[in-house]
Amino acid sequence: METTTPARAADPSGVPAPPRLGHSPALSSGAGRAVARIAAFAVCQAAMIAGLGLLITGPARNLWPLSAEDALNDAFERVRNDALTTASAIASGAGDTHTVVGVTVLCCLALLVVPPLPRWRAALFLALAVWLQSLVFLLITEAVDRTRPDVERLDASPPTSSYTSGHTGAATALYAGLAVLVLSRVRGRWGRPVAVLLLLIPLLVGLARLYRGMHHPSDVVGGLLNGALSLFVVGRALLADDAWAARPPADAVDIAVAAAERRPGPSREAAVVIVNPTVTDTATRDRLRLVLAQRGHTDVTFVETTERDTGGGQAADAVRGGAGLIVACGGDGTIRAVADALAGTGVTLAVVPCGTGNLLARNLGLPLDPADALAAALTGEPRALDLGTISGDGIARTHFTAMSGAGLDAAVMGSTSDRAKSALGWPAYVLAGLGELRGPRMRLVVTLDGAPALHRTARMVLIANIGTVQGGTALVPGARPDDGLLDLALFDPRGAGGWLRAVGVLLRGSRPTGTASGAHGGPVEFFAFRRAELTFTRPQPREVDGDPVTPGRRITAEVRPGALTVLLPAGEK
Numbered sequence: 006m007e008t009t010t011p012a013r014a015a016d017p018s019g020v021p022a023p024p025r026l027g028h029s030p031a032l033s034s035g036a037g038r039a040v041a042r043i044a045a046f047a048v049c050q051a052a053m054i055a056g057l058g059l060l061i062t063g064p065a066r067n068l069w070p071l072s073a074e075d076a077l078n079d080a081f082e083r084v085r086n087d088a089l090t091t092a093s094a095i096a097s098g099a100g101d102t103h104t105v106v107g108v109t110v111l112c113c114l115a116l117l118v119v120p121p122l123p124r125w126r127a128a129l130f131l132a133l134a135v136w137l138q139s140l141v142f143l144l145i146t147e148a149v150d151r152t153r154p155d156v157e158r159l160d161a162s163p164p165t166s167s168y169t170s171g172h173t174g175a176a177t178a179l180y181a182g183l184a185v186l187v188l189s190r191v192r193g194r195w196g197r198p199v200a201v202l203l204l205l206i207p208l209l210v211g212l213a214r215l216y217r218g219m220h221h222p223s224d225v226v227g228g229l230l231n232g233a234l235s236l237f238v239v240g241r242a243l244l245a246d247d248a249w250a251a252r253p254p255a256d257a258v259d260i261a262v263a264a265a266e267r268r269p270g271p272s273r274e275a276a277v278v279i280v281n282p283t284v285t286d287t288a289t290r291d292r293l294r295l296v297l298a299q300r301g302h303t304d305v306t307f308v309e310t311t312e313r314d315t316g317g318g319q320a321a322d323a324v325r326g327g328a329g330l331i332v333a334c335g336g337d338g339t340i341r342a343v344a345d346a347l348a349g350t351g352v353t354l355a356v357v358p359c360g361t362g363n364l365l366a367r368n369l370g371l372p373l374d375p376a377d378a379l380a381a382a383l384t385g386e387p388r389a390l391d392l393g394t395i396s397g398d399g400i401a402r403t404h405f406t407a408m409s410g411a412g413l414d415a416a417v418m419g420s421t422s423d424r425a426k427s428a429l430g431w432p433a434y435v436l437a438g439l440g441e442l443r444g445p446r447m448r449l450v451v452t453l454d455g456a457p458a459l460h461r462t463a464r465m466v467l468i469a470n471i472g473t474v475q476g477g478t479a480l481v482p483g484a485r486p487d488d489g490l491l492d493l494a495l496f497d498p499r500g501a502g503g504w505l506r507a508v509g510v511l512l513r514g515s516r517p518t519g520t521a522s523g524a525h526g527g528p529v530e531f532f533a534f535r536r537a538e539l540t541f542t543r544p545q546p547r548e549v550d551g552d553p554v555t556p557g558r559r560i561t562a563e564v565r566p567g568a569l570t571v572l573l574p575a576g577e578k
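Under this note's numbering, the sequence shown has 202 at position 197, and the numbering climbs by one with no breaks.
Written as structure tokens, this is what we have:
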């Protein structure tokens, strides 16, 4: 009898579905198996603790030490005083549901956003341990019905069974879990003392619950056991050296790339990946290499930008070397420098967002995950996009892909530190902008496509090839990167009412039509043009694709229709 191997899912034409780009069995973390094992051990954990509870409330209830529990609860009631009652309330509060949930959320956020970041496994370990303890606690209270001690209780009695102590179990999962992370990750003399203090908290919570008459001693022991087992099960799955959710081997990407290169298929043209090392880590580069290999690009070279050469020189060298595909991996500044070198060459560009703003990628409909963006581009098709050129006093003629401008936006770009951008991302620009809102209004003369000059005042001038910024805000609503035009936006709101009217204009925004007139158009004006000349009465801060340039009094901007060939996902423009 013949045996067959199950085939991969196929589309209606019978062609096997290709693997998802950027992924490979070599990179598998075993997460599915880990989840299954956590679930199985959780069932065993609940059954064991519930069985102990049934034993405590049944055959063993009159045996020592269970027979001495009532006397211990009475003793705690007799020693009560104001100071101890206050201390016990504080200790008990450390295991309260709201406290445990709040501390867990804050600690997990810190593990994800405080450098070095992100610590995904540590955050997942803590969150899953607390959640698993809570789930098992609820199952146990349904299975074991035990009344609370026959003493005066200092807290309102929740509707759950006395067995187990939920406060103690939650405190054990949280604070002992933090102690595990401290011991495994904090080096130096402070690690052990901090861990000891954290381990004391669940014991104090359990003692407080006894003092306040809320639980029998065996209920507290059950809570400690539930929390400890939850930590063991989740920690075994995520943190152990041989964890069920195992880390991929060190050479996993090499294995995956080699497997992709062995698959039959057409060989693609040579590719050069230009990466900004300040925003592109090793793991991201490995995933990009895998995506390229899965699409048949076996001749791939990675080159880094430098502080003196932000991508233009590397792109020019790649073109001279015969590269058929340039992958630019960085922020808008890196993309602009590469595009400037590729303008008019016909060499295809793939945009991979790795920076703070990533305006061009957002407007082109690309995913913001670097590997996903590259995969989307490589499965798309080449499109011709416009570029803008900009020059002026102190600005050598160069191209831009997204937006350039003067005034408020340029001042914000210049005042936002690299550290703030690294820590906060694009919201750092918003915070910097709040401090620049009271900046002086500027006077300027605008000449569009040879039309009569316009005399204006403004707080901000934007010359846009694309219209949408972070958060999906259409700052220049009519701008499109493939329409053969650039857009000029003049922002001149006066007072709070002016800013509100400006927001309303943006919400109603549409492509400007007709020719520019001399009449002032309110807090925001839009113009479409092919060539613009702007002259300011005083030197103004200026920026090109988010990078500050020398302040000056003149800007000349012009569109270069279809000058850049970019790979875009199907259906995107």
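All C-beta atoms in this analysis are idealised placements derived from N, C-alpha and C, irrespective of residue type, glycine included.
- Item | Rounded straight-line distance, which links the Cα of Pro207 to that of Glu85 | The residue you asked about is not Glu; residue 85 is Arg in the sequence shown. In a straight line, the C-alpha of Arg85 is about 21 angstroms away from that of Pro207.
- Query: Where do the N-terminal and C-terminal ends of the beta strand (DSSP E) with Pro163 fall, by residue?
  - Reply: First-last for Pro163: undefined, no H or E at that position.
- Task: Given a cut-off of 8 angstroms, decide if Ile279 and Cys320 are closer than it, judged by their beta-carbon atoms.
- Result: Checking the sequence shown, residue 320 turns out to be Ala, not Cys. Yes, the pair counts as a contact, with Cβ atoms nearer than the cut-off.
- When we look at the beta-carbon of Cys49 and count the other beta-carbons within 10 Å, is it buried (16 or more) or exposed? exposed
- Item | Nearest candidate by alpha-carbon position, reference Leu548, set Arg341, Thr104 and Val571 | For clarity, residue 548 is Glu in the given sequence; the question names Leu instead. With distances taken between Cα atoms, Glu548 lies closest to Arg341.
- Task: Tell me, please, whether the region 60-75 touches the region 194-204 by the rule of three or more beta-carbon pairs shorter than 8 angstroms.
- Result: no
- Within the same chain, show all residues whose beta-carbon is closer than 6 angstroms to that of Thr452, passing over the 5 residues directly before and after it, in chain order. Ala458 and Glu538
- Task: Give the secondary structure of Asp79 by DSSP, where H, G and I count as helix, E and B as strand, and everything else as coil.
- Result: helix
- Between Leu216 and Phe81, which are expected to be in contact by the criterion C-beta below 8 angstroms, what is the C-beta distance as a whole number of angstroms? Checking the sequence, you will find Tyr at residue 216 rather than Leu. The Cβ separation is near 5 angstroms, so the contact holds.
- Message: Asp487 and Asp337 - do their beta-carbons sit closer together than 8 angstroms?
- Response: no
- Message: Can you determine whether any heavy atom of the ligand GDP sits closer than 7 angstroms to the C-beta of Ala45, and answer yes or no?
- Response: Looking at this structure, you won't find the ligand GDP or any other ligand, since it has none at all.
- Selected residue, minimal CA-CA separation from Gly326, among Glu274, Arg290, Gly107 and Leu364: Glu274
- Message: Measuring alpha carbon to alpha carbon, tell me which residue in Ile471, Phe531 and Thr473 is nearest Leu495.
- Response: Phe531
- C-alpha distance - Leu114 paired with Val105, whole-angstrom precision: 14 angstroms
- Where Ser93 falls, given that 16 or more other Cβ within 10 Å makes a residue buried: buried
- C-alpha distance - Ala181 paired with Leu234, whole-angstrom precision: 11 angstroms
- Task: Would you kindly work out how many angstroms separate the C-alpha atoms of Arg536 and Ala562, rounded to a whole number?
- Result: 6 angstroms
- On the three-state DSSP scale, how would you describe Glu548? strand
- Check whether the Cβ atoms of Ala376 and Leu293 sit closer than 8 angstroms, and answer yes or no. yes
- Query: Beta carbon of Asp414, beta carbon of Leu467: below 8 angstroms?
  - Reply: yes
- Message: Just to confirm the assignment, what range does the alpha helix (DSSP H) spanning Leu580 have?
- Response: Residue 580 is absent from the structure shown; the chain starts at 6 and stops at 578.
- Are the region 387-397 and the region 553-573 in contact at 8 angstroms, needing three or more beta carbon pairs? yes
- Ala568 - DSSP class collapsed to helix/strand/coil: strand
- Message: Could you tell me the alpha carbon to alpha carbon distance between Val305 and Leu379, rounded to whole angstroms?
- Response: 14 angstroms
- Message: Between which two residues does the alpha helix (DSSP H) holding His172 run?
- Response: Gly171 to Ala176
- Message: For Val277, count the other beta carbons within 10 Å of its own beta carbon; 16 or more makes it buried, fewer makes it exposed. Which is it?
- Response: buried
- Nearest candidate by alpha-carbon position, reference Leu60, set Thr102, Leu129 and Tyr168: Tyr168
- Looking only at its own chain, which residues have a Cβ that is under 8 angstroms from the Cβ of Pro574, when we skip the five neighbours before and after it? Gly370, Leu371, Ala381, Ala382, Thr384 and Gly385
- Message: For Ala346 and Glu309, what's the separation of their Cα atoms in angstroms?
- Response: 15 angstroms
- Task: Can you check DSSP and say which residues form a bridge with Ile331?
- Result: Val277 and Leu354
- Classification of Asp87 by the beta-carbon crowding that lies within 10 angstroms, buried from 16 upward: exposed
- Would you identify the three-state DSSP class for Thr361, choosing helix, strand or coil? coil
- If you draw a straight line from the C-alpha of Thr570 to the C-alpha of Leu392, how long is it? 10 angstroms
- Query: Which of the three DSSP states, helix, strand or coil, is assigned to Glu74?
  - Reply: helix
- Closest by CA to Ala479, which one among Arg565, Gly362 and Asn368? Asn368
- Item | 6 angstroms CB neighbourhood of Val141 in its chain, flanking five on each side removed | Gln50, Ala51 and Asn231
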